[in-house]
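Some notes on the structure that comes next.
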Amino acid sequence: MSLVKLTALQLAEKIKRKEVTVSRALDALYEAAEAGADDHKSFISLCKEEAYQRAVEVQGLIDKGQPISPLAGVPLLVKDNICTKGVRTTAGSKMLENFKPPYDAFVIEKAQAAGMIVAGKTNMDEFAIGSGTQSSYFGPTFNPWDKSKVPGGSSGGNAAALAGDEGFIALGSDTGGSIRQPSAFCSVSGLRPTYGAVSRRGLIALAASMDTIGPMGKDLADCAALFEIIAGKDSGDATCHDYTFDYRAAFGQDIKGKKIGLPTEFFTDELDEDIKNALLDAVKTFEGLGAEIKETTIKENEWAATLYSVIASAEAASSLARYDGIRYGHSSQEAEDLLDLYVKSRSQGFGKAAKLRMMFGNFVLGSENYDRYCLKAQEARTLLALAYDKVFEDFDFLLGPVSSSSAYSADADFAQQFNCDSSRAYTAPAALLGLPALSVPCGFDKSGLPIGMQLMGKHFDEVNLLGLGLTFQEATDFHLQKPMKDQGGRA
Ligand code: GLN
Numbered sequence: 019m020s021l022v023k024l025t026a027l028q029l030a031e032k033i034k035r036k037e038v039t040v041s042r043a044l045d046a047l048y049e050a051a052e053a054g055a056d057d058h059k060s061f062i063s064l065c066k067e068e069a070y071q072r073a074v075e076v077q078g079l080i081d082k083g084q085p086i087s088p089l090a091g092v093p094l095l096v097k098d099n100i101c102t103k104g105v106r107t108t109a110g111s112k113m114l115e116n117f118k119p120p121y122d123a124f125v126i127e128k129a130q131a132a133g134m135i136v137a138g139k140t141n142m143d144e145f146a147i148g149s150g151t152q153s154s155y156f157g158p159t160f161n162p163w164d165k166s167k168v169p170g171g172s173s174g175g176n177a178a179a180l181a182g183d184e185g186f187i188a189l190g191s192d193t194g195g196s197i198r199q200p201s202a203f204c205s206v207s208g209l210r211p212t213y214g215a216v217s218r219r220g221l222i223a224l225a226a227s228m229d230t231i232g233p234m235g236k237d238l239a240d241c242a243a244l245f246e247i248i249a250g251k252d253s254g255d256a257t258c259h260d261y262t263f264d265y266r267a268a269f270g271q272d273i274k275g276k277k278i279g280l281p282t283e284f285f286t287d288e289l290d291e292d293i294k295n296a297l298l299d300a301v302k303t304f305e306g307l308g309a310e311i312k313e314t315t316i317k318e319n320e321w322a323a324t325l326y327s328v329i330a331s332a333e334a335a336s337s338l339a340r341y342d343g344i345r346y347g348h349s350s351q352e353a354e355d356l357l358d359l360y361v362k363s364r365s366q367g368f369g370k371a372a373k374l375r376m377m378f379g380n381f382v383l384g385s386e387n388y389d390r391y392c393l394k395a396q397e398a399r400t401l402l403a404l405a406y407d408k409v410f411e412d413f414d415f416l417l418g419p420v421s422s423s424s425a426y427s428a429d430a431d432f433a434q435q436f437n438c439d440s441s442r443a444y445t446a447p448a449a450l451l452g453l454p455a456l457s458v459p460c461g462f463d464k465s466g467l468p469i470g471m472q473l474m475g476k477h478f479d480e481v482n483l484l485g486l487g488l489t490f491q492e493a494t495d496f497h498l499q500k501p502m503k504d505q506g507g508r509a
């Protein structure tokens with residue numbers, strides 16, 4: 019069996035026991051990544067030289083028997099909007115095609131201090147705008163379960179690499195669903211942490227009030243272990259809380275008597291029948307484990323997708339305004355004067371999806387529209403938050419879909435892609451309210467494509483949220499199923 023089929027915790031254990039060296043783990047990863055390069059296109063850059071150098075240092079510490087962390091020696095995949103010092107970080111855009119950050123993101127500093135090794139930068143929708151990893155300037159990623167389908171997005175490179183066994187574990191980002199939806203489409207596990215649990219320093223901003231960095235793994239145990247490493251205070255991000263998470267506390271929880279709510283707004287006719295059935299089966303599993311499950315209603319949910327569109331677009335227009343062709347990023351060589359430099363650099367550097375998002379964002383931000391759209395959206399966001407506060411007085415968790423359908427066709431044209439955000443109504447609430455939410459594999463539809471379940475928890479209650487998800491994974495084997503190599507489909 020190739021080493022790269024192991025989970026991150028399994029690999030770390032083998033490294034600790036000296037059954038495997040760190041550089042051997044890197045060999046296995048790069049062999050698989052290169053073999054899958056044409057089929058899946060999960061990566062934008064592999065940073066072999068830096069990784070093998072680091073491997074020597076880390077191996078030295080491990081050989082001295084130093085206890086570093088539960089993931090010491092494990093190669094890490096990093097979405098290409100998370101800054102890595104000296105290693106190209108593109109955000110999937112021509113705008114940053116040659117950008118080498120002069121610093122590491124906080125999460126990279128933490129992962130490295132824990133003995134992890136950055137192995138490669140993964141493909142993503144341009145500036146994290148999209149749902150299928152099709153807006154990447156470097157070309158689309160494909161779903162290992164069926165190469166004619168998208169892997170989801172924007173963290174699609176991570177999801178495809180993990181599902182296709184081209185990596186052990188990954189860091190992604192979720193603004194409005196970008197960890198949860200690709201995890202669901204590719205049958206991997208992913209956590210969007212509470213806003214403020216993980217520093218955003220060094221994450222290339224999309225929508226600052228919703229951006230989060232979180233772990234993606236072959237199972238939730240790996241996600242919990244990586245979350246412990248990256249969570250916590252950073253004086254370089256004023257929105258980051260002093261928060262510690264003990265991943266071991268998430269294991270072996272008794273969920274007897276835990277209250278799980280099913281918002282009826284998540285189970286409408288728009289939801290694919292196979293997904294609905296898989297979720298109802300999951301409900302039975304939880305009931306079998308002693309949880310109490312009840313329907314609930316949050317009528318404000320119906321606004322969530324629209325509020326997300328307005329707020330995310332306004333914030334994206336503002337974040338992306340920094341790319342002016344002067345300070346860094348693509349700079350047009352044909353400009354005749356300053357204004358022309360702005361126009362040409364931005365016209366050439368940004369792709370269609372980013373331009374559309376900024377146009378809409380600038381429209382709602384315009385002085386004649388601001389009150390009507392942006393202010394109103396923020397007011398409605400407060401009402402949504404109050405509605406969720408109330409629901410969480412009665413429930414410990416909420417359960418729902420991640421997306422109304424499984425992975426969609428990779429042939430979708432731009433207009434279809436734009437309308438293919440089948441997850442927004444389900445993923446936007448946690449984004450708008452900063453709630454932790456995870457995606458966990460819970461079944462397959464009639465065509466054999468994976469289905470993910472979304473579990474949402476209370477702010478900073480990752481220990482119980484991951485505990486609930488881990489209990490589900492201990493009782494089921496959906497996360498252990500693998501796509502068939504070459505043909506796609508289930509092995
Ligand atoms: N598909 C959503 C969007 O395009 C999610 C993006 C994200 O979470 N980065 O806004």
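Note that the sequence shown covers residues 19 to 509 in our numbering. All residues carry an ideal CB built from backbone N, CA and C; glycine is no exception.
Query: Of the residues Ala179, Ala215 and Ser227, the one placed nearest Val206, counting alpha carbons only; Result: Ala179
Query: Any non-hydrogen atom of the ligand GLN closer than 7 Å to Ser196 Cβ; Result: yes
Query: Supposed contact pair Ile187 and Gly120 - C-beta distance, whole angstroms, cut 8 Å; Result: The sequence shown places Pro at residue 120, rather than the Gly named in the question. Between Ile187 and Pro120 the Cβ distance is about 26 Å, and since that is not below 8 Å, they are no contact.
Query: CB contact flag (Lys276, Phe415, <8 Å); Result: yes
Query: For Asn161, the three-state DSSP class (helix, strand or coil); Result: strand
Query: Cβ contact check for the segment 91–109 and the segment 338–349: 3 or more pairs under 8 Å; Result: no
Query: Helix, strand or coil at Glu115 according to DSSP, with G and I counted as helix; Result: coil
Query: Residue range of the alpha helix (DSSP H) that includes Val420; Result: Here Val420 belongs to no alpha helix (DSSP H), and DSSP marks it neither H nor E.
Query: Tyr388 burial status per 10 Å Cβ neighbour count (16 or more: buried); Result: exposed
Query: Short CB-CB distance (under 8 Å) between Ala178 and chain C; Result: Among the chains of the structure shown, chain C does not appear; only one protein chain is present.
Query: Completely contained alpha helix (DSSP H) runs for the segment 68–131, where each covers 4 or more residues; Result: 124–131
Query: Span of the beta strand (DSSP E) around Ala188; Result: Ile187 to Asp192
Query: Span of the beta strand (DSSP E) around Arg266; Result: Note, Arg266: premise wrong, no beta strand (DSSP E); not H, not E.
Query: Range of the contiguous beta strand (DSSP E) that encloses Met474; Result: Pro468 to Met474
Query: Check: Ala433 C-beta below 7 Å from any heavy atom of the ligand GLN; Result: no
Query: Candidates Gly104, Asp45 and Phe381, of which the one nearest Ser336 by Cα; Result: Phe381
Query: Selected residue, minimal CA-CA separation from Asp183, among Lys408, Leu393, Glu49 and Ala226; Result: Glu49
Query: Check: Thr151 C-beta below 7 Å from any heavy atom of the ligand GLN; Result: no
Query: For Ile197, the nearest candidate out of Gly171, Phe478 and Leu24 (CA to CA); Result: Gly171
Query: Near the ligand GLN: Ile147 beta-carbon under 7 Å from a heavy atom; Result: yes
Query: Burial state of Gln77, where buried means 16 or more other Cβ atoms lie within 10 Å; Result: buried
Query: Selected residue, minimal CA-CA separation from Leu307, among Phe117, Phe490, Tyr265 and Gln396; Result: Phe490
Query: Rounded separation between Lys582 and Ala430 - CA only; Result: Past the edges of the chain, shown from 19 to 509, lies residue 582, and the structure says nothing about it.
Query: Contact the segment 127–144 vs the segment 463–478: 3+ CB pairs below 8 Å; Result: no
Query: Whether Gly379 touches Ala334 by CB criterion (8 Å); Result: yes
Query: Close-in-space but distant-in-sequence residues of the same chain around Ser201 (CB under 7 Å, 5 per side omitted); Result: Ala177, Ser207, Gly208, Met234, Ser457 and Gly470
Query: Other residues of its chain near Asp122: CB distance less than 8 Å, five sequence neighbours each side excluded; Result: Cys101, Thr102, Lys103, Gln130 and Gly220
Query: Gly208 in three-state terms, based on DSSP; Result: strand
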